[in-house]
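Undergrad: The following block contains the structure, expressed as structure tokens.
Protein chains: 2
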Amino acid sequence: MAAQWTSYQPGPYANEHIRITPTKLADGRDFFYMDDDPAYVSGSKTRELKDPRPLDYRFAPHMDADGHELPYAAPMMRRDPLTGDWIPMATARMNRPITAGPGATATGNPLAARKPGDPYQDGEVPDSDYDVVIFENRFPSMVQVPGQSGEPTLVDGNPLWEQKPAAGRCEVICFDPDEQGLPADLPVSRLRTVVEAWAFRTAEISQMEGIEQIFPFENHGQEIGVSLAHPHGQVYCYPFIPPKMEQELRQSHAYHERTGGNLLKDIMEGELAAGERVVMRNASWIAYVPAAARWPLEVHVAPVRDLLTLDQLNDQERWDLAQMYSALLKRGNAFFDTGDGRGMDLPYIAAWHQAPVRDPRRANYRLNLQFFSFRRSPNKIKYLAGSESGMAAWVSDTTPELIAQRFHELGAVDIG
Amino acid sequence: MAAQWTSYQPGPYANEHIRITPTKLADGRDFFYMDDDPAYVSGSKTRELKDPRPLDYRFAPHMDADGHELPYAAPMMRRDPLTGDWIPMATARMNRPITAGPGATATGNPLAARKPGDPYQDGEVPDSDYDVVIFENRFPSMVQVPGQSGEPTLVDGNPLWEQKPAAGRCEVICFDPDEQGLPADLPVSRLRTVVEAWAFRTAEISQMEGIEQIFPFENHGQEIGVSLAHPHGQVYCYPFIPPKMEQELRQSHAYHERTGGNLLKDIMEGELAAGERVVMRNASWIAYVPAAARWPLEVHVAPVRDLLTLDQLNDQERWDLAQMYSALLKRGNAFFDTGDGRGMDLPYIAAWHQAPVRDPRRANYRLNLQFFSFRRSPNKIKYLAGSESGMAAWVSDTTPELIAQRFHELGAVDIG
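Top line first, the protein sequences correspond to chains D and Y.
Residues in the first sequence are numbered from 1 upward in steps of one, following the working numbering.
Residues in the second sequence are numbered from 1001 upward in steps of one, following the working numbering.
Here is the structure:
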């Protein structure tokens, strides 16, 4: 079975600690097993590669009520003339399953490992066990359809309203087969495999035509609308530079033009010099509450070394990141004092900002993780109301120094 | 009592239908009664002007634990070097009362009219009755402190991190003394007074030094974190151009440079020409679902006449806006089919985008209301998760045409 690993052209992300086994789901989507340990390769277990579900090819034409064949309706995106933003319009996602919370509609968990003999046919994982799996989202808001033209057209013939296929890519990364598991409770060795998944997908998707930004992220918690409780993250690959990256690229490019420096590096060094807001560090990574934090709990994590993208991490940096991510999630759960000392399952978003795929300003950017929570206290949430949603003007209910102070209470800064 | 009206220099917003009676609350904040009908002037009722609460002057110094006098701690704002955005840091707001929903902490409703003999002392309205009242927020995220320097300083001495006082202004507008009332159920004559309040505050606050953007808005619904159920709106007056306005000004300015035209006017005319997404109109206003709508329910309302700001509305436009706003709220509540035909209390944000106070690009802007809801269906909410909160990349779960189609089902386009 070693052939599966080596035959997958593992490239710069491969190493002796991880095994990658690719396959295709029944409808044609890409699927990858990532095993924590290559012992699987020489061990008794092989990965089940065949998806038993009788799914149609995902881009198959469909029949209308009169029996006419209609081509696959790809999601489109339109450019908002008032802001310049592209808005993917993901009508297909309206039918996606929800297994968490009061609006739950699905009858099973599609991220679970398949149980032998289980009649449930919507599971996405062919095997009855796994470590980490990655696959293309079945209900993508962006997808590249083979043979489909990416040329823009005009809505109602008006040049104000450009539209074109939302030719991006949406992938799901499952962190563990245990659907009740929390990412904060996973061993560092497993989080190391998750880091590997981020690096692997960044390396591979960067080679795909038309993708401008690769965005690995994790949404955690029903409070922010996570529709599947199973521990997982996502990778959104946009066929455009997303608005927040555009803002950051504009700022870091202007800073470079003005000073010759790298904005993100100078921010990190400024935080190290100030000291007060640095909350964790190890040999490869610095975690700090940014001096102008906008969320009630916000931590940015920057590599010590100058790096643009996740696939540039070396082996040590991958291990150190897994350790840092684990510590960050555990401290996040302990951040709000629940009175009983047990902490809480913190809702959070972990958002990887990395250099865009080909935008010429990429050289002045620098890899960073932006970790934040909407939670303001054990029983309060920050909502994005008029100021944030209507004017994109954030108002913080706390200060960066208060956030950092709480982290300092939770443990030593140096976790290396 | 007519003197109170005329002595208030009513300016361009005054007219024979509205009476404005100014006073000050016990802690020095501005307070205004706006009465639907000047009959009060000659009637038996006068407005109670005296706030009976023993409140300290709001900018009074306070004593620390050792009895030393500390100056009033004004809210500060810091500029995020990574985005260029100013972030007001409103630590004082952490103590604000919450009377709605499970996190409710307050013992009364500060927006209620005072009940004679009521021992509750936190009510903000001196009178036992009112139509509409406006007052400065007791827990503002931005405030102008008399005598306080607005000069920027540096956080930790680092030129990357500018900070200065968040010298803006936050006002509250109560729409009705009935704390159970819904804005959608108010008579058009009352909404006319609310329109008048928007115009009045825009006219007056435009004259205040240091205010760059006046943003009247309404947050409605516990689902979006509204902390007081009482029907009310707010006016945020920013000492900077908020990020979304900056984006819109950049786009409309570039459009003018390129074409000589006004972007917002051409968008409105494009929507009229296309027709499909126009959902309501009367003699003064056009309501349409924008061709690149990002929310599950989104309607923009534009004046027929070229106007920059709310205080430029003439008498007819104010009445027509009240009628349009009423119709919009009613259709919003009927939008999602609840199965029982009764509709729902839709959570929404109504955000007024008007020309900035003095930015030179203001002439190429045009007044518009952006009305939207987070609700996706009777039992689903759109959450702003990784893509929206982390990358500011909105993904729509529907299409503008589907939204417009539902509005068309709910009633005739021409409500004039």
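The beta carbon of each residue, even a glycine, is placed where N, CA and C say it ideally should be.
Below 8 Å on C-beta distance, what does D156(D) contact in chain Y?
TA: G1270, A1273, A1274, E1276 and A1291
Undergrad: For M1391(Y), decide whether its Cβ has a neighbour in chain D, counting only Cβ atoms nearer than 8 Å.
TA: yes
Undergrad: Considering P1165(Y), what are the terminal residues of the beta strand (DSSP E) in which it resides?
TA: E1162 to P1165
Undergrad: Between P1165(Y) and R1058(Y), what straight-line distance do the alpha-carbon atoms span, to the nearest angstrom?
TA: 16 Å
Undergrad: Just checking: is the beta-carbon of E248(D) within a distance shorter than 8 Å of some beta-carbon in chain Y?
TA: yes
Undergrad: D85(D) touches chain Y at which residues, Cβ-Cβ below 9 Å?
TA: By Cβ distance, chain Y contributes Q1247, A1292, R1294, A1392, A1393 and W1394.
Undergrad: Using a Cβ-Cβ cut-off of 8 Å (strictly less than) and excluding sequence neighbours within five positions of P1102(Y), which residues of its own chain qualify?
TA: For P1102(Y), the pLDDT reaches just 48, beneath the cut-off of 50, and the residue's location in the model is therefore unreliable, although a value from the coordinates is still provided. Excluding sequence neighbours, P1102(Y) sits near nothing in its chain.
Undergrad: With a cut-off of 8 Å, does the C-beta of N95(D) fall near any C-beta of chain Y?
TA: Only weak support is given to the placement of N95(D): the predicted model assigns it a pLDDT of 45, under 50, and the question is left unresolved by the model.
Undergrad: Leaving out five residues before and five after G419(D) in sequence, what residues of the same chain have Cβ atoms less than 6 Å from its Cβ?
TA: Residue 419(D) is absent from the structure shown; chain D starts at 1 and stops at 416.
Undergrad: What residues in the segment 1135-1153 of chain Y have a beta carbon less than 7 Å from any beta carbon of chain D?
TA: Here the close residues are S1141.
Undergrad: Checking contacts by CB at 8 Å: is W1161(Y) closer than that to chain D?
TA: Yes, its Cβ sits closer than 8 Å to a Cβ of chain D.
Undergrad: Whole angstroms are fine: how far does the CA of Q148(D) sit from the CA of D1185(Y)?
TA: 49 Å
Undergrad: Against Q316(D), what residues of chain Y qualify as contacts under a CB-to-CB distance less than 7 Å, listed in chain order?
TA: Those within 7 Å of Q316(D) in chain Y number zero; the least Cβ separation is about 27 Å.
Undergrad: Ends of the beta strand (DSSP E) at E1298(Y)?
TA: L1297 to P1303
Undergrad: Please compile the residues from chain Y whose C-beta is within a distance smaller than 8 Å of the C-beta of L70(D).
TA: Per Cβ cutoff of 8 Å: no residues; L70(D) is ~17 Å from chain Y at best.
Undergrad: Kindly say whether R1079(Y), judged by its beta-carbon, lies nearer than 8 Å to any beta-carbon of chain D.
TA: yes
Undergrad: Bridge partners for A351(D) per DSSP, in chain order?
TA: F217(D) and Q370(D)
Undergrad: What are the start and end residues of the beta strand (DSSP E) that includes K24(D)?
TA: R19 to K24
Undergrad: Considering only the beta carbon of each residue, do P243(D) and A1292(Y) sit closer than 8 Å?
TA: no
Undergrad: Could you name the residues of the same chain whose beta carbon sits closer than 7 Å to that of G1416(Y), not counting the 5 residues immediately before and after it, in chain order?
TA: R1281, N1282 and A1283
Undergrad: Please report the distance separating the alpha-carbon of V1188(Y) from that of P1216(Y).
TA: Answer to the nearest angstrom: the Cα atoms are 19 Å apart.
Undergrad: Do three or more CB pairs link the segment 373-386 of chain D to the segment 250-259 of chain D at distances below 8 Å?
TA: no
Undergrad: Looking at the secondary structure, which residues open and close the alpha helix (DSSP H) in which G1270(Y) lies?
TA: L1263 to A1274
Undergrad: Reducing DSSP to helix, strand and coil, say where S44(D) ends up.
TA: Caution is warranted here: a pLDDT of 47 is assigned to S44(D), below 50, making its placement in the model unreliable, and the coordinate value is therefore given only provisionally. In this structure, DSSP gives S44(D) a state outside helix and strand, which the three-state scheme calls coil.
Undergrad: Between the C-alpha atoms of M1001(Y) and E1171(Y), what's the straight-line distance to the nearest angstrom?
TA: Because M1001(Y) carries a pLDDT of 29, less than 50, the predicted location of this residue cannot be relied on, and no value is offered for it.
Undergrad: Which whole-angstrom value describes the C-beta separation of E136(D) and R29(D), a residue pair presumed to lie in contact below a C-beta threshold of 8 Å?
TA: 4 Å
Undergrad: With 8 Å set as the bound, which would you pick, yes or no: does the beta-carbon of M89(D) sit closer than that to a beta-carbon of chain Y?
TA: yes
Undergrad: Between L82(D) and chain Y, is any beta-carbon pair separated by less than 8 Å?
TA: By this cut-off, L82(D) is an interface position.
Undergrad: Between which two residues does the alpha helix (DSSP H) holding I205(D) run?
TA: Residues V188 to I205.
Undergrad: Just the C-alpha distance for L307(D) and W198(D), rounded to the nearest angstrom, thanks.
TA: Rounded to the nearest angstrom, the two C-alpha atoms are 14 Å apart.
Undergrad: Could you list which residues in chain Y have their beta carbon closer than 7 Å to that of L219(D), in chain order?
TA: First, the residue type needs correcting, since residue 219(D) is Asn and not Leu in the sequence shown. Going along chain Y in sequence order, the residues near N219(D) (Cβ under 7 Å) are A1385 and G1386.
Undergrad: Span of the beta strand (DSSP E) holding W1086(Y)?
TA: W1086 to M1089
Undergrad: Where does T1232(Y) sit, in a helix, a strand or coil, going by DSSP?
TA: Note on identity: in this sequence residue 1232(Y) is His, with Thr being the wrong assignment. Strand, per DSSP.
Undergrad: Hey, how far is the Cα of Q34(D) from the Cα of D51(D)?
TA: Gln is not the amino acid found at residue 34(D); the sequence shown has Met there. Whole-angstrom Cα-Cα distance: 17 Å.
Undergrad: In three-state terms, what does DSSP make of Y288(D)?
TA: strand
Undergrad: In angstroms with no decimal places, state the Cα-to-Cα distance between R1358(Y) and L1367(Y).
TA: The straight-line gap from Cα to Cα measures roughly 15 Å.
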